[in-house]
Amino acid sequence: MTSQEDVSTFLARVRRLIQSGQVILVTRPKNQAALLAMGLNKRAAINDLLRLTARAYCGGPQDDRDRPGQQCWVFGQEVAGVEVYIKLVVEELDQGRERLKVLSYHQAEWALRYPFRGPPLGGDCE
92 MTSQEDVSTF
102 LARVRRLIQS
112 GQVILVTRPK
122 NQAALLAMGL
132 NKRAAINDLL
142 RLTARAYCGG
152 PQDDRDRPGQ
162 QCWVFGQEVA
172 GVEVYIKLVV
182 EELDQGRERL
192 KVLSYHQAEW
202 ALRYPFRGPP
212 LGGDCE
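Under our numbering, the first residue of the sequence shown is numbered 92, with each subsequent residue one higher.
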């Protein structure tokens, strides 16, 4: 079971990689369409990730189905009035370097569950 401390530790790593410029948002049609619909560019979406907290956690780490050995983390966050599904991977590069890879950043296609949120308040999702 992933703890809130595990999630907070992962998010600190995410923030460090974003602030050092070691981040890419994968160019996928679904991601691009979502950015356009929300009126965001890639930079704005990446900067939005700095707002993530353990309360936004939905799942992970779990094995990446496309790249064995990589671990995906899933978060959800309201952006421009839309619940956004966010899937992140910290990719190990050569010589101990790392890069944050934003695999998914698009409207949630199903109800997301947030295990570290209390009872819903207003627009919060379960």
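Virtual Cβ for every residue (Gly too), placed ideally from N, Cα, C.
The model shown is predicted, which means the values in this text are computed figures rather than measured ones.
- Roughly how far, in whole angstroms, is the beta-carbon of residue 90 from the beta-carbon of residue 176, given that I think they are within contact range, below 8 Å? Any property of residue 90 remains undetermined from this structure, which presents the chain solely from 92 to 217.
- Task: Whole angstroms is fine: what's the gap from residue 102's alpha carbon to residue 143's?
- Result: 7 Å
- Query: Straight-line CA distance for residue 134 to residue 99?
  - Reply: Looking at the two C-alpha atoms, the distance is approximately 23 Å.
- Item | residue 51, enclosing alpha helix (DSSP H) - first and last residue | This structure leaves residue 51 out entirely; the chain is present only between 92 and 217.
- Message: Beta-carbon within less than 7 Å of residue 150's beta-carbon, same chain only, minus the 5 sequence neighbours each way: which residues are those?
- Response: 165
- Hey, quick one: how far does the alpha helix (DSSP H) through residue 131 stretch, first residue to last? Taken as a continuous stretch (DSSP letters only), residue 131 belongs to no alpha helix (DSSP H), as it is neither H nor E.
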